[in-house]
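> Going down the list, the protein sequences come from chains Z, L and W.
If you use this note's numbering, the first sequence corresponds to residues 187 to 557, in order.
If you use this note's numbering, the second sequence corresponds to residues 15 to 316, in order.
If you use this note's numbering, the third sequence corresponds to residues 3 to 316, in order.
Beta carbons are placed, not taken as given, at the ideal position from N, Cα and C, and that holds for glycine.
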Amino acid sequence: MTTAPELVPVPTEDHAETAVYRRPLLEVVKVSKKFPVRVGPLKREYVSAVDSLSFSVDHGKTLGIVGESGCGKSTAARLVVGLLPIDEGDVIFDGVNVRGPRQMRQQGPAEKSLRRNMQMVFQDPHSSLNPRSSVGEIISFPMKVHGFPKEEQRERTSWLLEQVGLHGNHASYYPHQLSGGQRQRVNIARALALSPKLVVCDEAVSALDKSVQAQVLNLLKNLQEEFGLTYLFISHDLNVVEYMSDTVCVMYLGQAVEICDSEGLYHNPLHPYTRALLASTPVLDADAPRIDVPPLEGELPSPLNPPSGCRFRTRCPAAMDVCAEMAPVVTMPEPGHRVACHLYPETAETTVDPDFALRTIAAREPVEVAV
Amino acid sequence: MAIAEPLAGNAAAAWLASDSPTRPESYMQAARRRFMHSRVGLVALAVLLLLVVVSVAAPLLTPYDPSIGQPAARLRPIGSPGHIFGTDEQGRDMLTRILYGGRMSLIAGLAPVLVATVIGTILGSLSGFVGKWVAMLIMRTMDMFYAFPAVLLAIAISASLGPGLINQIIALSIIYIAPIARVAEAATRRIVVAEFIEAAKLTGAPTWKILFTQVLANIFSPIFVYSSGLVGLAIVTAASLSFLGLGVRPPTPEWGFMLNALRGTIYVNPWVAALPGFFIFATSISFNMLADSIRDSLDVKE
Amino acid sequence: MMPLVLRRLGMALPTLLGVTLVIWLLLSLLPGDPLAFLLPADATAVDRAKLATELGLDRPLPVRYVYWLFDVIRGEFGFSPFRHRDISELIQNAWKNTALLASFSAVFGLVTGITLGTLAGVYRGSAVDRFVTGFAIVGLSVPSFWVAILLLIVFSAQLRLLPAGGLSNWAEGPGHFFSHLAMPVLSGSMVSIAITARVTRASIAETFRAEFVDTLRAKGLREYQVLMHVAKNAVSPVLTTAGLQMGFLLGGSVLIETIFSWPGLGQLVFNAIAARDLRVVQATTVLIAVTFVLLNLFVDVLQMTFDPRQKRGV
Numbered sequence: 187m188t189t190a191p192e193l194v195p196v197p198t199e200d201h202a203e204t205a206v207y208r209r210p211l212l213e214v215v216k217v218s219k220k221f222p223v224r225v226g227p228l229k230r231e232y233v234s235a236v237d238s239l240s241f242s243v244d245h246g247k248t249l250g251i252v253g254e255s256g257c258g259k260s261t262a263a264r265l266v267v268g269l270l271p272i273d274e275g276d277v278i279f280d281g282v283n284v285r286g287p288r289q290m291r292q293q294g295p296a297e298k299s300l301r302r303n304m305q306m307v308f309q310d311p312h313s314s315l316n317p318r319s320s321v322g323e324i325i326s327f328p329m330k331v332h333g334f335p336k337e338e339q340r341e342r343t344s345w346l347l348e349q350v351g352l353h354g355n356h357a358s359y360y361p362h363q364l365s366g367g368q369r370q371r372v373n374i375a376r377a378l379a380l381s382p383k384l385v386v387c388d389e390a391v392s393a394l395d396k397s398v399q400a401q402v403l404n405l406l407k408n409l410q411e412e413f414g415l416t417y418l419f420i421s422h423d424l425n426v427v428e429y430m431s432d433t434v435c436v437m438y439l440g441q442a443v444e445i446c447d448s449e450g451l452y453h454n455p456l457h458p459y460t461r462a463l464l465a466s467t468p469v470l471d472a473d474a475p476r477i478d479v480p481p482l483e484g485e486l487p488s489p490l491n492p493p494s495g496c497r498f499r500t501r502c503p504a505a506m507d508v509c510a511e512m513a514p515v516v517t518m519p520e521p522g523h524r525v526a527c528h529l530y531p532e533t534a535e536t537t538v539d540p541d542f543a544l545r546t547i548a549a550r551e552p553v554e555v556a557v
Numbered sequence: 015m016a017i018a019e020p021l022a023g024n025a026a027a028a029w030l031a032s033d034s035p036t037r038p039e040s041y042m043q044a045a046r047r048r049f050m051h052s053r054v055g056l057v058a059l060a061v062l063l064l065l066v067v068v069s070v071a072a073p074l075l076t077p078y079d080p081s082i083g084q085p086a087a088r089l090r091p092i093g094s095p096g097h098i099f100g101t102d103e104q105g106r107d108m109l110t111r112i113l114y115g116g117r118m119s120l121i122a123g124l125a126p127v128l129v130a131t132v133i134g135t136i137l138g139s140l141s142g143f144v145g146k147w148v149a150m151l152i153m154r155t156m157d158m159f160y161a162f163p164a165v166l167l168a169i170a171i172s173a174s175l176g177p178g179l180i181n182q183i184i185a186l187s188i189i190y191i192a193p194i195a196r197v198a199e200a201a202t203r204r205i206v207v208a209e210f211i212e213a214a215k216l217t218g219a220p221t222w223k224i225l226f227t228q229v230l231a232n233i234f235s236p237i238f239v240y241s242s243g244l245v246g247l248a249i250v251t252a253a254s255l256s257f258l259g260l261g262v263r264p265p266t267p268e269w270g271f272m273l274n275a276l277r278g279t280i281y282v283n284p285w286v287a288a289l290p291g292f293f294i295f296a297t298s299i300s301f302n303m304l305a306d307s308i309r310d311s312l313d314v315k316e
Numbered sequence: 003m004m005p006l007v008l009r010r011l012g013m014a015l016p017t018l019l020g021v022t023l024v025i026w027l028l029l030s031l032l033p034g035d036p037l038a039f040l041l042p043a044d045a046t047a048v049d050r051a052k053l054a055t056e057l058g059l060d061r062p063l064p065v066r067y068v069y070w071l072f073d074v075i076r077g078e079f080g081f082s083p084f085r086h087r088d089i090s091e092l093i094q095n096a097w098k099n100t101a102l103l104a105s106f107s108a109v110f111g112l113v114t115g116i117t118l119g120t121l122a123g124v125y126r127g128s129a130v131d132r133f134v135t136g137f138a139i140v141g142l143s144v145p146s147f148w149v150a151i152l153l154l155i156v157f158s159a160q161l162r163l164l165p166a167g168g169l170s171n172w173a174e175g176p177g178h179f180f181s182h183l184a185m186p187v188l189s190g191s192m193v194s195i196a197i198t199a200r201v202t203r204a205s206i207a208e209t210f211r212a213e214f215v216d217t218l219r220a221k222g223l224r225e226y227q228v229l230m231h232v233a234k235n236a237v238s239p240v241l242t243t244a245g246l247q248m249g250f251l252l253g254g255s256v257l258i259e260t261i262f263s264w265p266g267l268g269q270l271v272f273n274a275i276a277a278r279d280l281r282v283v284q285a286t287t288v289l290i291a292v293t294f295v296l297l298n299l300f301v302d303v304l305q306m307t308f309d310p311r312q313k314r315g316v
């Protein structure tokens with residue numbers, strides 16, 4: 187199994203000069219994706235699904251991406267793992283630029299090892315498992331592709347099943363014979379089959395009942411601890427993201443509007459959108475801080491032609507004239523807390539290097555760390 | 015970690031607890047079990063098997079030659095001594111000709127569907143999986159064939175290739191490729207958006223491997239159901255071509271052609287003239303009923 | 003609405019071109035000598051070359067197709083050396099007769115099929131339903147030419163009630179007219195009845211399961227009023243197959259017309275095949291195929307007009 191990578195605390199800007207940090211496992215730099223949409227017989231328009239998105243995830247940590255449906259979360263996940271080609275920007279994995287607009291795929295052994303290291307847990311427990319394959323076949327398929335010996339495939343499959351809380355005998359079951367939670371466990375086992383470093387969870391628990399959700403979330407946490415996994419955890423559910431993530435990135439209409447560590451984001455949301463989202467989320471904890479802002483009104487604008495300037499301005503309670511004129515720059519009003527909003531104008535204290543605007547750690551020269 | 019959720023179904027739970035070696039049923043095993051319980055399907059299958067056996071074993075079952083008749087014994091009615099099914103306009107034993115004729119009719123009905131299924135599946139799944147211009151090219155070509163009344167196209171192709179069993183099979187194969195390709199394409203397009211295809215792509219498996227291991231097994235059922243439903247139709251269409259003189263050449267017996275040849279004798283020996291048609295009908299309806307039970311057992315919605 | 007219809011019309015053009023191209027390729031690129039039948043046995047190489055030039059056979063293939071296509075559009079199909087007639091003349095007469103038979107068969111098939119299917123769909127699980135379902139399977143499996151022969155045996159040979167073949171016109175009296183039409187229509191529309199009944203039954207049965215039916219009943223509508231609503235929603239798939247059935251009717255006409263000596267396109271094709279008169283086969287198939295494409299076009303447009311759900315797809 188993968189040795190757990192050395193864990194490093196999330197650094198804050200102040201000691202950036204003094205400490206040597208390990209480069210993040212995953213760095214996403216200004217990635218954009220447009221989809222063509224036919225609007226007439228010959229006319230095409232483009233939907234900007236992801237616009238200049240940047241973030242990074244440290245080894246062994248979890249970055250949560252949260253936003254309404256249609257905000258580009260799932261597209262972002264597919265861009266990272268390479269299921270969709272990137273239009274602009276770069277994805278740097280373990281210090282190596284693996285996906286850019288010109289190099290959709292690495293070639294040969296590099297691509298192969300990349301495939302082993304990046305896997306995904308899918309959303310829909312019904313369509314994510316091949317209904318004609320047994321659980322054993324589903325889990326061993328990645329190993330088969332990567333040429334594991336037969337015997338190892340079988341042993342590893344039943345070991346994986348036990349790791350995700352199933353019985354080794356479940357290998358001969360078919361997906362329709364399993365419950366939603368069990369299928370999701372199989373989904374996880376398949377993602378772990380090649381001992382990946384990064385696991386992208388795209389709405390991995392959204393389709394499950396609340397009680398089962400909690401079990402699967404705990405399983406994911408335990409596995410992370412045990413195998414030192416790094417998660418990119420995507421969900422529309424703020425509570426789930428808060429529970430899972432070290433850092434949270436809030437997306438609106440294809441853009442990141444706020445990035446902060448989980449604690450800071452939930453207790454001190456800066457962006458009006460984040461506040462509205464949090465205000466509309468039911469919280470059971472009586473002691474939890476209350477955010478007194480009106481819930482979101484209106485519909486998500488069409489991504490076909492997003493509002494000028496700040497994309498959120500049409501629904502923003504604090505919208506000003508400037509919001510329609512220009513897009514806000516990313517600033518850091520508090521340490522480690524980045525936001526793209528005109529309420530937080532750029533000053534000498536709050537400015538951030540635009541190239542690495544929304545990444546959790548400031549970029550440094552890559553530091554070689556033995557893995 | 016303990017199994018936290020109840021298992022799907024008590025039977026499954028019992029099996030897990032008992033550690034019994036019996037495996038849960040796969041989709042195909044369940045389909046087979048359902049088929050074995052369908053009376054109509056089994057009867058149809060039995061009828062067809064009987065038909066195949068007697069037409070293959072025809073030389074053992076009848077003393078007569080199918081193409082040589084006795085002019086003295088022309089147009090005997092059904093039930094004549096020595097000729098249960100009577101004789102035709104040339105004095106040939108009808109039972110013999112029906113048995114031998116079954117060979118040609120079965121081949122002419124089954125072979126085209128088989129050929130068309132293979133080609134149609136390849137074309138359809140390829141265009142469904144790859145999409146883009148490949149799909150454009152393949153499916154627009156298929157649309158062209160779809161725009162014909164099928165029988166007419168078969169007649170036109172057969173007429174231009176000339177009579178004969180092989181040409182007849184080619185003509186019928188061509189007309190069935192387009193509809194099967196459509197079914198295969200639609201089924202593939204439904205499958206390729208499934209997340210398990212993305213999961214397979216994520217492993218870095220080459221396209222052909224994903225097609226074979228992930229896609230084919232999932233489009234098999236709708237295609238198989240559709241194709242099996244075509245056999246009954248193909249039997250009739252093949253007989254139509256033979257009826258028009260576009261099938262096997264005489265004196266080789268074939269039901270469609272026999273029906274045409276006996277058309278002139280309906281005033282003299284009516285029920286013998288109707289016999290070959292009855293066998294075409296019986297074969298066709300058996301295939302259709304078999305196809306219906308296959309559809310039900312594979313649980314495919316029409 | 004209109005742009006959609008126009009788009010559907012625009013899509014029919016390439017289809018028509020494709021159809022003509024397929025037929026032209028089929029019958030032009032045959033192995034064999036297209037001139038063999040047209041030349042006298044003692045023709046010299048010079049005669050041959052002359053005739054080839056006259057017919058345009060020395061031109062490159064795409065050019066030949068375009069010329070042929072323009073001839074077809076103008077209705078010029080050439081001369082049949084076997085029938086010693088202009089092909090367009092042969093076709094014109096035959097087309098009228100086929101249209102007569104096909105429209106009677108279509109109407110009869112649709113009306114009977116919809117009636118049977120609706121009965122079966124409304125009284126699901128009853129004896130009527132079982133009868134209709136069984137009949138549909140029989141109708142789908144039975145060769146129309148065998149039904150034709152059975153009808154001939156019973157009504158012509160045994161009962162001597164109906165004429166064995168030929169065509170009558172309205173002037174000779176309705177009894178005479180319909181007695182000639184009865185057996186060809188009945189045997190030709192067999193498949194049509196079966197498919198229509200089956201699709202109608204399925205569509206009605208499925209619509210009855212929809213939730214809006216419960217709402218209608220809860221609102222206190224009478225059962226026949228509910229049925230009207232259901233019928234309106236169930237009509238679309240029936241219409242879709244109606245276009246397809248024209249294919250069966252037109253294709254099947256070759257056999258039916260041959261058996262009943264009905265002087266239509268089908269019989270023309272049959273005789274032309276027997277004589278290897280490929281130009282007639284070509285002309286007739288083009289005509290039938292084009293008719294089929296246009297009929298389907300008509301059905302589609304009809305459907306778009308009636309069913310707002312169809313507006314998305316073409």
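1. Thinking just about the alpha-carbon of each residue, which of Z:D423, Z:V236, Z:C257 and Z:G322 is nearest to the one in Z:S466?
2. Are the C-beta of W:D60 and some C-beta of chain L separated by less than 9 Å?
3. What in chain L is Cβ-close to Z:E274, meaning under 7 Å?
4. Taking all protein chains shown into account, do 16 or more other C-beta atoms lie within 10 angstroms of the C-beta of W:R1, making it buried, or fewer, making it exposed?
5. Can you name, in chain order, every residue of its own chain whose Cβ lies under 8 Å from the Cβ of L:P35, other than the five neighbours on each side?
6. Taking CB distances under 9 Å as the criterion, tell me whether W:P145 reaches chain L.
7. Tell me which same chain residues have a C-beta within less than 7 Å of the C-beta of L:I211, skipping the five on either side of it?
8. Please classify Z:N303: is it buried, with 16 or more other beta-carbons within 10 angstroms of its beta-carbon, or exposed?
9. Measure from the alpha carbon of W:L280 to the alpha carbon of each residue in W:V295, W:S263, W:A101 and W:R85, then state which is nearest.
10. So, at 6 Å on beta carbons, what are the nonlocal neighbours of W:G268 in its own chain, with the 5 sequence-adjacent residues on each side left out?
11. Using a beta-carbon distance cut-off of less than 9 Å, what residues from the segment 251-272 of chain Z approach chain L?
12. Output the boundary residues of the alpha helix (DSSP H) element that contains Z:C509.
13. With a threshold of 9 Å between beta-carbons, can L:T227 be considered close to chain Z, or not?
14. Using CA atoms only, rank isn't needed, just tell me which of Z:P519, Z:T517, Z:I278 and Z:C496 is closest to Z:A510.
15. Sort W:Q284, W:Q305, W:L23 and W:A274 by Cα distance to L:D157 and report the nearest one.
16. Using 8 Å as the Cβ pair cut-off and three pairs as the minimum, do the segment 137-151 of chain L and the segment 183-203 of chain L touch?
17. With 9 Å set as the bound, which would you pick, yes or no: does the beta-carbon of W:T287 sit closer than that to a beta-carbon of chain L?
18. Among all the DSSP beta bridges, which residues are the ones paired with Z:N283?
19. Please identify, using Cβ separations under 7 Å, the residues of the segment 187-210 of chain L that lie next to chain Z, in order along the chain.
20. First and last residue of the beta strand (DSSP E) that includes L:S172?
21. Output yes or no for whether 9 Å exceeds the beta carbon distance between W:F262 and W:M185.
22. What does the alpha-carbon distance come out to for the pair L:Y240 and L:I194?
23. Starting from the Cα of Z:R340, find the closest Cα among Z:Q363, Z:P458 and Z:S358 and give me that residue.
24. Name, please, each residue of chain Z whose Cβ falls closer than 8 Å to the Cβ of L:S3.
25. So, is the C-beta of W:L8 closer than 9 Å to a C-beta in chain L?
26. Would you say L:A45 reaches chain Z, if we count a Cβ-Cβ gap shorter than 9 Å as a contact?
27. Between the C-alpha atoms of L:F271 and L:A192, what's the straight-line distance to the nearest angstrom?
28. Any beta carbon of chain Z sitting closer than 9 Å to that of L:S40?
29. Within 10 Å of its beta-carbon, does W:L229 have 16 or more other beta-carbons around it, so buried, or fewer, so exposed?
30. Beta-carbon of W:V24 versus every beta-carbon of chain L: anything under 9 Å?
By the coordinates alone:
1. Z:D423
2. no
3. Identification of chain L residues near Z:E274 by a Cβ-Cβ cut-off of 7 Å yields none; the smallest Cβ-Cβ distance measures about 22 Å.
4. Limits of chain W in this structure are 3 at one end and 316 at the other, which puts residue 1 of chain W out of reach.
5. Confidence in L:P35 is poor, its pLDDT being 44 and thus under 50, which makes the residue's placement unreliable; the coordinate value appears in the next sentence. Hits under 8 Å: none found.
6. yes
7. I205, I224 and Q228
8. buried
9. W:R85
10. Exclusion of the five residues before and after W:G268 leaves S255, V256 and E259 as the residues of its chain whose Cβ lies within less than 6 Å of its Cβ.
11. R264, V267, G268 and L269
12. First-last of the alpha helix (DSSP H) with Z:C509: D507 to E511.
13. yes
14. The candidate whose alpha carbon is nearest that of Z:A510 is Z:C496.
15. W:L23
16. yes
17. yes
18. Z:I278
19. A208, E209 and F210
20. Unbroken run through L:S172 is the alpha helix (DSSP H), A164 to L175; no beta strand (DSSP E).
21. yes
22. 7 Å
23. Z:S358
24. For residue 3 of chain L there is no data in the structure shown, the boundaries of chain L being 15 and 316.
25. no
26. no
27. 27 Å
28. yes
29. buried
30. yes
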